[in-house]
Amino acid sequence: MRRRSIMYNCIKNGLKNIFRKKLRSLLTISGVMIGVISVIIISSIGDIGKHTINQELDSLGMNGLSIGTDKSVTGKDLAVKELELLKAQSLVYDATPLIMQYSGVTVKGETGKCLIWGISNSAKKIISLNVKYGRLINESDLNSRSNVCVVDESMAQQSYQRGNIVGKTILLLLDGGYEEFQVVGVVETGGNVLQSLLGEYVPTFLYLPYTTMQNMTGRTGFDQIAVKLKSDVDPQTAAEQLTAVLENNNKIPNSIKVENLSSHKDQLNSILDTVSFILSVIGGISMIVAGLSIMTVMLVSVNERTREIGIKKSIGASKGTILLEFLVESFFITAIGSLGGAAIGVGTVVAGSLALGIEVMINLPLILFCIGFAMAVGIIFGIYPAFKAANLKPVDALRAD
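Going by this note's numbering, the first residue of the sequence shown is number 3, and it counts up by one from there.
Shown next as structure tokens:
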């Protein structure tokens, strides 16, 4: 019962002392909060960045192999023969031809830039195109070389202030002349993050039947063939095998270029991990600095309350009671700061994610670690002032002014 009473008084006095010097306590608590907020936000940015970039690159087809020819060696593009040969390989899930052209587009009388992708009806198995309205390119479009296109939602919103523009007509600049194309589908914008950051400097994407592009540009081959591998296949091994297959077919050594698009994700993730770690360490250092400020404030508090400590000791307060009272005060400062910082940090991450239209990602173990680490730092840096207060001699303390 007596221990419970002592603890109650320590908690009451600890809270009273925090509110006794409101501005000083607020500044100390703010230091802890800033440290926790910075670590949570920085780490969340890293997690969201990795997740979003992976999605973005997948939406651009960056989740497999890209195969092309070295034109300085062969002098020609890949063709249907190579496409069928790749599809026949046991390690290939599917393959699709790609023809790319940076071009002009006119919608409702306004001209802009776009990146045109000539694709086949199998592209949806390789490129993560999420249809919002209408449909993708189908086999009938390929066979008839139809003047149809699929646009991304950013173009629709920019031109018509709405997402669904299926049935509308746009003008595309191909081979020196403008041609009319009917919109048959609208897909989610690939490169949402880039679009939100760079706006008009990032071209919108349009998708046409590759046969239509061939017909209008006079080409017979493809710029690249995008290959999606089966799930248990190593990309590096696959790249070597597919290169050998194609070079054996055309009898020209060093004529095939294979790029592992998945490696771009790994490289970016590695960079993001490193940057996030460095910035999180900086945030952790700010927590330690906040701990030093707690120690400074507690030492000042000891000096200010020397006479009060002497009175308490003279009427029977033990070293343990004085020690506990100061440790409780240090604990409450860090508890308020870390919990408040966690709440603000999480709130900022959620609000920022919703504002940018990206998935909210909260790392609960990290948040708990930040709270625990901040409290531990606060208590550790509060130990010395607490011991100093507990070891004051009553006679010396009562002599203090």
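Beta carbons are placed, not taken as given, at the ideal position from N, Cα and C, and that holds for glycine.
- From this set, Ser257, Arg309, Gly374, Ala292, which residue's C-alpha is nearest glycine 70's C-alpha? Ser257
- Per DSSP, what kind of secondary structure is aspartate 96 in: helix, strand or coil? strand
- Task: May I have the straight-line CA-CA distance separating glutamate 361 from serine 45, to the nearest angstrom?
- Result: 15 angstroms
- Nearest-angstrom Cα separation, counted from methionine 218 out to proline 211: 11 angstroms
- Start and end residues, alpha helix (DSSP H) containing glycine 322: 321-358
- Query: Using the C-alpha atoms, what's the distance from leucine 356 back to glycine 293?
  - Reply: 33 angstroms
- Alpha-carbon spacing of lysine 321 relative to lysine 390, whole angstroms: 10 angstroms
- Message: Given this structure, state the Cα-to-Cα distance separating valine 186 from leucine 117, to the nearest angstrom.
- Response: 17 angstroms
- Pick from Asn145, Leu366, Leu329: whose alpha carbon is nearest that of glycine 347? Leu366
- Task: To the nearest angstrom, report how far apart methionine 190 and glutamine 226 are at their CA atoms.
- Result: One detail in the question is off: residue 190 reads as glutamate in this sequence, not methionine. Approximately 23 angstroms, taken between the alpha carbons.
- Closest Cβ-Cβ distance between glycine 136 and chain B: below 9 angstroms? Given the protein chain composition of this structure (a single chain), no chain B is represented.
- Cβ shell of alanine 240 (< 6 angstroms), same chain only, five flanking positions each side left out: Leu93, Leu231
- Item | Nearest to methionine 102 (by Cα), restricted to the options Lys89, Ser122, Leu88 | Ser122
- Task: Work out the CA separation of methionine 157 and alanine 353 for me, nearest whole Å.
- Result: 26 angstroms
- Task: Enumerate in chain order the residues of its own chain whose CB-to-CB distance from methionine 289 is below 6 angstroms, with the five nearest sequence positions on each side excluded.
- Result: Gly37, Ala376, Val379
- Query: Are there three or more Cβ pairs, one per stretch, closer than 8 angstroms when the segment 104-111 is compared with the segment 134-144?
  - Reply: no
- Item | Neighbour-count burial assignment, isoleucine 128, 16 or more Cβ in a 10 Å radius | buried
- Message: Could you compute how far the alpha carbon of valine 133 sits from the alpha carbon of valine 41?
- Response: 37 angstroms
- Task: Identify, in the order they occur along the chain, each residue of the same chain with its Cβ nearer than 8 angstroms to the Cβ of leucine 325, setting aside the five sequence neighbours on each side.
- Result: Ala388, Phe389, Ala391, Ala392
- Range of the contiguous alpha helix (DSSP H) that encloses serine 233: That residue, serine 233, is in no alpha helix (DSSP H); it is neither H nor E in DSSP.
- Query: Between the C-alpha atoms of valine 79 and glycine 120, what's the straight-line distance to the nearest angstrom?
  - Reply: What sits at residue 79 in the sequence shown is aspartate, not valine. Those two C-alpha atoms are separated by around 14 angstroms.
- Task: Throw me the rounded Cβ distance for the glutamate 261 and leucine 85 pair, which I believe falls under 8 angstroms.
- Result: Going by Cβ atoms, the distance from glutamate 261 to leucine 85 rounds to 17 angstroms, so no, they are not a contact pair.
- From isoleucine 167 to aspartate 49, what does the alpha carbon distance come to, in whole angstroms? 34 angstroms
- Is isoleucine 42 helix, strand or coil when you go by DSSP? helix
- Message: Please report the straight-line C-alpha distance between serine 303 and glutamate 331, rounded to a whole angstrom.
- Response: 11 angstroms
- Contained beta strand (DSSP E) runs [length at least 3] in the segment 130-164, N- to C-terminal order: 133-136, 150-154
- Task: Look at the Cβ atom of isoleucine 381, then the Cβ atom of threonine 323, and state whether they are nearer than 9 angstroms.
- Result: no
- Task: Use the C-beta contact count for tyrosine 104: other C-beta atoms within 10 angstroms, 16 or more gives buried, fewer gives exposed.
- Result: exposed
- Task: Using alpha carbons as the reference points, say which of Cys372, Gly384, Ile31 lies closest to isoleucine 43.
- Result: Cys372
- Query: Should valine 283 be labelled buried (16 or more other beta-carbon atoms within 10 Å of its own) or exposed?
  - Reply: exposed
- Message: Measuring straight from C-alpha to C-alpha, what distance separates arginine 137 and valine 188?
- Response: 7 angstroms
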